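In UniProt numbering, the protein residues as written are 1 to 440.
Worksheet: one structure, shown below.
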Ligand code: 5AD
Ligand code: SF4
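In structure tokens, the structure reads:
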């Protein structure tokens with residue numbers, strides 16, 4: 001019996017796909033790389049914007065045809081599976097197994113019978129599940145908290161993933177210990193809001209305390225995603241400052257620079273608070289690399305509001321930004337109550353924001369020229385003759401392939417920068433792993 005998993009969306013989904021893949025292997029399934037080879041195709045979905053939803057719809061159309069031709073088992077999991085929208089699709093396209101983001105541990109039961117199996121419950125045993133280390137990986141994710149207690153008016157995640165639930169610190173540390181023993185040199189602590197870690201469970205460490213604990217485990221690099229500006233506390237900033245293993249890459253989604261828009265988004269902080277947090281980060285961590293998420297064209301966003309986003313961008317001078325056109329999601333308050341802006345307005349604003357991002361990323365990248373950075377080389381780059389990795393600030397870095405013949409950590413002097421990439425020369429290696437280079 002052969003299974004193929006297709007993953008859309010964020011790092012949480014990548015982690016969940018790995019978790020489910022490990023479950024399948026334990027159940028005796030072989031994992032294959034294509035739909036054609038598979039008896040079971042499991043689609044891990046994202047519902048945060050319209051585009052990934054439409055991609056799943058067309059994929060399910062293809063899978064239904066394949067099923068009619070040769071009898072295929074189709075599975076749907078992840079955020080879209082939790083929503084009416086996804087369940088309607090599942091009915092239409094003949095999905096056999098449907099698992100919400102909280103029901104992944106029901107997979108063995110789902111595959112036992114021949115009946116259609118749907119589970120949308122949030123199961124506690126998911127939090128206790130430790131997936132085995134991914135084979136040959138140098139970098140791995142570890143979920144520390146699931147769900148979200150915020151209610152940003154544009155966002156479907158609180159509906160699909162439920163309220164915040166932190167994993168027990170002992171399990172997190174055990175999972176990281178196993179990853180370390182398997183040769184992993186970089187871990188990313190994951191959560192929709194990592195800095196809420198521990199708040200839901202009396203006796204659990206705070207996120208800052210967890211960072212200190214994980215930072216002492218001997219993993220060279222520890223990263224975390226995603227933080228919420230409302231409770232990105234001084235203690236967290238301090239924990240990063242005093243723990244060398246923790247990278248100084250901070251992803252702090254701002255969404256908008258306008259207080260009017262932030263209020264309609266129910267973002268719980270205002271521009272001044274956000275900028276004060278950034279000032280504090282820069283004061284304590286002068287070498288911090290900052291990135292953000294921005295939504296353009298939220299309902300009611302005026303040109304003046306958008307100008308405030310542009311001016312906030314200049315005040316922060318982000319190294320990187322993930323920029324999105326507002327996408328109305330059924331089931332969210334913004335969808336229900338606010339009128340969407342014309343698409344041309346949104347697209348035009350996005351273009352201007354991308355120009356701003358390119359200018360700043362180039363400027364920030366140039367600041368690294370001449371400096372030595374530690375690069376985790378992971379595979380062959382698209383650019384011929386180069387291998388690619390990322391440094392502790394999450395910049396993609398390219399080095400000549402012959403200088404880094406195996407994946408691993410290398411000391412690299414940055415020689416050149418573009419708005420998207422750094423190019424460097426290897427000046428030293430740190431325990432490269434003795435395995436051949438995969439394609440990046
Ligand atoms: N439209 C556009 N972008 C969205 N995001 C979340 N919901 C929406 C939406 N409805 C973006 C936010 C969030 C990121 C993961 O996705 O910027 O931080
Ligand atoms: Fe969505 Fe806001 Fe929660 Fe992030 S904090 S997952 S944007 S509701």
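Backbone N, C-alpha and C fix where the C-beta goes; we use that ideal spot for every residue, glycine too.
Quick caveat, the model's predicted, so the values are computed rather than measured.
For a test of the three-state rule: what should DSSP assign to residue i, helix, strand or coil?
| i | result |
| --- | --- |
| residue 3 | strand |
| residue 415 | strand |
| residue 249 | strand |
| residue 260 | helix |
| residue 213 | helix |
| residue 132 | coil |
| residue 340 | coil |
| residue 386 | strand |
| residue 486 | The question about residue 486 has no answer, for the chain in this structure spans 1 to 440. |
| residue 151 | coil |
| residue 425 | strand |
| residue 227 | coil |
| residue 324 | strand |
| residue 436 | With a pLDDT of 45 at residue 436, under the threshold of 50, the modelled position of this residue cannot be trusted, and the question is left open. |
| residue 391 | coil |
| residue 420 | coil |
| residue 140 | strand |
| residue 255 | strand |
| residue 376 | strand |
| residue 369 | coil |
| residue 169 | helix |
| residue 269 | coil |
| residue 311 | helix |
| residue 353 | helix |
| residue 235 | helix |
| residue 335 | helix |
| residue 291 | strand |
If we count the other Cβ atoms within 10 Å of its Cβ and call it buried at 16 or more, is residue i buried or exposed?
| i | result |
| --- | --- |
| residue 251 | buried |
| residue 50 | exposed |
| residue 427 | exposed |
| residue 121 | exposed |
| residue 83 | buried |
| residue 356 | buried |
| residue 276 | exposed |
| residue 28 | exposed |
| residue 385 | exposed |
| residue 114 | exposed |
| residue 302 | exposed |
| residue 389 | buried |
| residue 327 | buried |
| residue 16 | buried |
| residue 354 | exposed |
| residue 436 | With a pLDDT of only 45 at residue 436, under 50, the local geometry of the prediction cannot be trusted, and the value read off the model is given with reservation. Its Cβ having fewer than 16 others within 10 Å, residue 436 is exposed. |
| residue 434 | For residue 434, the predicted structure reports a pLDDT of 41, less than 50, and the residue's modelled location is therefore unreliable. A value from the coordinates is still provided. Exposed, since its Cβ has fewer than 16 Cβ neighbours within 10 Å. |
| residue 97 | buried |
| residue 69 | exposed |
| residue 490 | Look at the range of the chain in this structure, 1 to 440, and you will see that residue 490 is not part of it. |
| residue 395 | buried |
| residue 25 | exposed |
| residue 221 | buried |
Since residue i contacts residue j with CB under 8 Å, what's their CB separation in whole angstroms?
| i | j | result |
| --- | --- | --- |
| residue 103 | residue 123 | 6 Å |
| residue 184 | residue 139 | 7 Å |
| residue 329 | residue 74 | With 8 Å as the limit, residue 329 and residue 74 do not qualify as a contact, their Cβ atoms being about 24 Å apart. |
| residue 375 | residue 412 | 5 Å |
| residue 211 | residue 236 | 7 Å |
| residue 47 | residue 160 | 6 Å |
| residue 164 | residue 200 | 5 Å |
| residue 418 | residue 365 | 7 Å |
| residue 80 | residue 41 | Between residue 41 and residue 80 the Cβ distance is about 15 Å, and since that is not below 8 Å, they are no contact. |
| residue 204 | residue 169 | 6 Å |
| residue 399 | residue 380 | So it is not a contact: roughly 11 Å between Cβ atoms. |
| residue 105 | residue 126 | 5 Å |
| residue 271 | residue 259 | 6 Å |
| residue 312 | residue 254 | 7 Å |
| residue 39 | residue 89 | Contact doesn't hold; Cβ gap of about 21 Å is too wide. |
Examine the ligand GTP and report whether any of its heavy atoms sits within less than 8 Å of the Cβ of residue i.
| i | result |
| --- | --- |
| residue 105 | The ligand GTP is absent from the structure shown, which contains only the ligand 5AD and the ligand SF4. |
In the UniProt domain "MTTase N-terminal" (1-116), which residue ranges form an unbroken beta strand (DSSP E) of at least 3 residues, counting only runs that do not cross its ends? Every beta strand (DSSP E) stretch that sits fully inside the UniProt domain "MTTase N-terminal" (1-116) and reaches 3 residues is listed by chain position as 2-7, 40-45, 73-78 and 97-99.
Three CB pairs or more closer than 8 Å across the stretch 181-200 and the stretch 218-237: In short, these stretches touch, since the Cβ pair count reaches three.
Cβ contact check for the stretch 3-15 and the stretch 52-64: 3 or more pairs under 8 Å: Taking a cut-off of 8 Å for Cβ pairs, the stretch 3-15 and the stretch 52-64 touch, as three or more such pairs fall below it.
contact_flag[the stretch 258-272, the stretch 140-154] where n(CB pairs < 8 Å) is 3 or more: Note that the stretch 258-272 touches the stretch 140-154; at least 3 beta-carbon pairs, one per stretch, sit closer than 8 Å.
Do the stretch 397-412 and the stretch 354-373 make contact, defined as three or more Cβ pairs closer than 8 Å? Three or more Cβ pairs closer than 8 Å define a contact, and the stretch 397-412 meets that threshold against the stretch 354-373.
Check whether the stretch 281-297 and the stretch 312-326 touch, using three or more Cβ-Cβ pairs below 8 Å as the test. Result yes; three or more Cβ-Cβ pairs closer than 8 Å.
Where are the alpha helix (DSSP H) runs, 4 residues long or more, that stay fully inside the stretch 172-197, in chain order? List check, alpha helix (DSSP H) in window: nothing returned.
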